[in-house]
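Last residue of the sequence shown: 451 in UniProt numbering, with the numbers rising by one and none dropped.
All residues carry an ideal CB built from backbone N, CA and C; glycine is no exception.
In this text the structure is predicted, and so the values were computed from the model without any measurement.
Following: one structure in structure tokens, then a few remarks.
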Amino acid sequence: MDFGCRFHLKYTVWLTLLLFSACKKDGPEPDYPAGSDEYINDWLLDSMQVYYYWNSGLPKNPDLSKPPLEFFATLKNPQDRFSRIYNPSIPTSYYPSPVQQFGFELILYERSDSGAQATVALVVPNSVAAGSGLQRGQTITKINGTIPNESNVQALIRTSVAQRSITLDIEDLGTVIIPAMTMSENSVYVYKIFEGESKPTAYLFYNSFDGRYRQHLQQAFMAFKQAGATELILDLRYNAGGDVGVCAALAAVLSKVKETDVFLEYRGNSRAGTRKETFARTIAKTYSGTPFTFSEIEQMRLSLDRVFMLTGRHTGSSAEFLIKALRPWTDVVQIGETTLGKDMASFSIKDNNTGKNNAWSIEPMVFKLYNGRGEGDYPHGLVPDVIRQELRAPLMPLGDPNDPLISEARTRISGQSNRASSRKATLEEIPRILYDSREAADQKANMIVKP
Numbered sequence: 001m002d003f004g005c006r007f008h009l010k011y012t013v014w015l016t017l018l019l020f021s022a023c024k025k026d027g028p029e030p031d032y033p034a035g036s037d038e039y040i041n042d043w044l045l046d047s048m049q050v051y052y053y054w055n056s057g058l059p060k061n062p063d064l065s066k067p068p069l070e071f072f073a074t075l076k077n078p079q080d081r082f083s084r085i086y087n088p089s090i091p092t093s094y095y096p097s098p099v100q101q102f103g104f105e106l107i108l109y110e111r112s113d114s115g116a117q118a119t120v121a122l123v124v125p126n127s128v129a130a131g132s133g134l135q136r137g138q139t140i141t142k143i144n145g146t147i148p149n150e151s152n153v154q155a156l157i158r159t160s161v162a163q164r165s166i167t168l169d170i171e172d173l174g175t176v177i178i179p180a181m182t183m184s185e186n187s188v189y190v191y192k193i194f195e196g197e198s199k200p201t202a203y204l205f206y207n208s209f210d211g212r213y214r215q216h217l218q219q220a221f222m223a224f225k226q227a228g229a230t231e232l233i234l235d236l237r238y239n240a241g242g243d244v245g246v247c248a249a250l251a252a253v254l255s256k257v258k259e260t261d262v263f264l265e266y267r268g269n270s271r272a273g274t275r276k277e278t279f280a281r282t283i284a285k286t287y288s289g290t291p292f293t294f295s296e297i298e299q300m301r302l303s304l305d306r307v308f309m310l311t312g313r314h315t316g317s318s319a320e321f322l323i324k325a326l327r328p329w330t331d332v333v334q335i336g337e338t339t340l341g342k343d344m345a346s347f348s349i350k351d352n353n354t355g356k357n358n359a360w361s362i363e364p365m366v367f368k369l370y371n372g373r374g375e376g377d378y379p380h381g382l383v384p385d386v387i388r389q390e391l392r393a394p395l396m397p398l399g400d401p402n403d404p405l406i407s408e409a410r411t412r413i414s415g416q417s418n419r420a421s422s423r424k425a426t427l428e429e430i431p432r433i434l435y436d437s438r439e440a441a442d443q444k445a446n447m448i449v450k451p
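As structure tokens, then:
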């Protein structure tokens, strides 16, 4: 499963032409030893000077002798939370995540008695974790024979990822040993129609924008259409992003846009400039799988006057932009927590000079993203219209009508909501999170586009 580990924006022709001349240095190239910190850091600085959104604020004469991770930190703008470098042979340069190898995520939060509790937050359908009996909401009492706490849980996960096996003691299940396994993650986790509603209400848990699973997305919407759904609850709580072409296609399904309407605008540094793209152009550049046609999109459309979007702190990148992109075209009711705040796109840069012993990759923030009305700039996340916390109650299975966010959406659909409390969520109701394995996906939250 390739979950967000490539967060890269392919070079577009327009950007390449604009920046080609900028890649050449004035004067002779410094001759640093291959693989040295000076060589790697000089390459990092060169790349950032060309592509980085905040390149005008880069230091003039930084100390190239520092270790690369330390050096890169001196280059980052204070506003930049997401640019990163990593080296596959240096584990401390990237964030280990159990979902990529084992198919689950966990959180550790503070109990009222000052202890800590680890809970399964997400299980990938048909993964090795799912086959071992893991379910969302289960309590993890031990990891590799050790009771997890705030000081040891990250090391326990890192060790498990490194040794490609994890042993969990699960309350009411027992001990399970989960080996690492390559898996494919169908982005359509759950889709259903809630029965007994005043209006036929569709629910979709969609976890990444991946064109390889377009058929499953089509199946979900055709099932919704056959059921006569006139309301939709789209659950994006753990969606870290993905293919911007699929994002554009889904936005077109959920609204009545035309092919020629503007979907997004990229704004880069002074060298990169800006570029607007229509829905048709963006969809045609789908990176993964076969692009949707507008004929297919029109067949999938429902009779919707609004869309309920469920969000959380892990809703990032393309998932956030879907909400922002829909605002000019349809009514969006956002329920849950404030989103991640990744309003930028990036791509992966590698050193193509052979024999230089440089295994580092850079993922700098390159573009700010804006919708068809020129609205964007949400580095602190999208604040929901209705604040609800899923941890106010035990974590429910995905699609469970008793889930706090789903329950809120259904209540509003029925017209029985208490609007006076729509933005009220007291700190006492929410336990303090001590560790969240999903933060690894946040750092690699991806927007992938194709030239």
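For P68 and E105, the gap between their C-alpha atoms comes out near 30 Å. Bridge partners of T201 according to DSSP: F194 and E231.
In the three-state DSSP reduction, D113 falls in the coil class, being neither helix nor strand. For S160, the uninterrupted alpha helix (DSSP H) segment begins and ends at V153 to Q163. The continuous stretches of alpha helix (DSSP H) do not include M344, which lies in the beta strand (DSSP E) extending over residues M344 to S346. In this structure, the CA atom of L391 is about 43 Å from the CA atom of N41. Nearest to D331 by alpha-carbon distance, out of P33, K256, T74 and I177, is K256. Boundaries of the alpha helix (DSSP H) harbouring I406: P404 to I413, taken from the DSSP string. Between D351 and the set I362, M447 and D343, the nearest pair of CA atoms involves I362. The beta strand (DSSP E) runs lying completely inside the region 255-311 and spanning 3 residues or more are 262-267, 274-278 and 306-311, given in chain order. Looking only at I178, P401 and D235, the smallest Cα-Cα distance to T315 is reached by D235.
Burial is judged here by how many other beta carbons sit within 10 angstroms of a residue's own beta carbon; Q101 has at least 16 and is buried. Going by DSSP, E363 is part of the beta strand (DSSP E) stretching over S361 to E363. Between the region 352-360 and the region 403-412 there are fewer than three C-beta pairs closer than 8 Å, too few to call the two in contact. The three-state reading of DSSP puts V383 in coil, since its state is none of H, G, I, E or B. If you ignore the 5 residues before and after Q218, its C-beta comes within less than 8 Å of the C-beta of E296 and M300, all in its own chain and listed in chain order. Annotation for P98: the continuous alpha helix (DSSP H) segment containing it runs P98 to Q101. DSSP, read as helix, strand or coil, puts F224 in helix. Around the beta carbon of P291, 16 or more other beta carbons sit within 10 angstroms, so the residue counts as buried. Here I140 is near T119, since their CB atoms are less than 8 Å apart.
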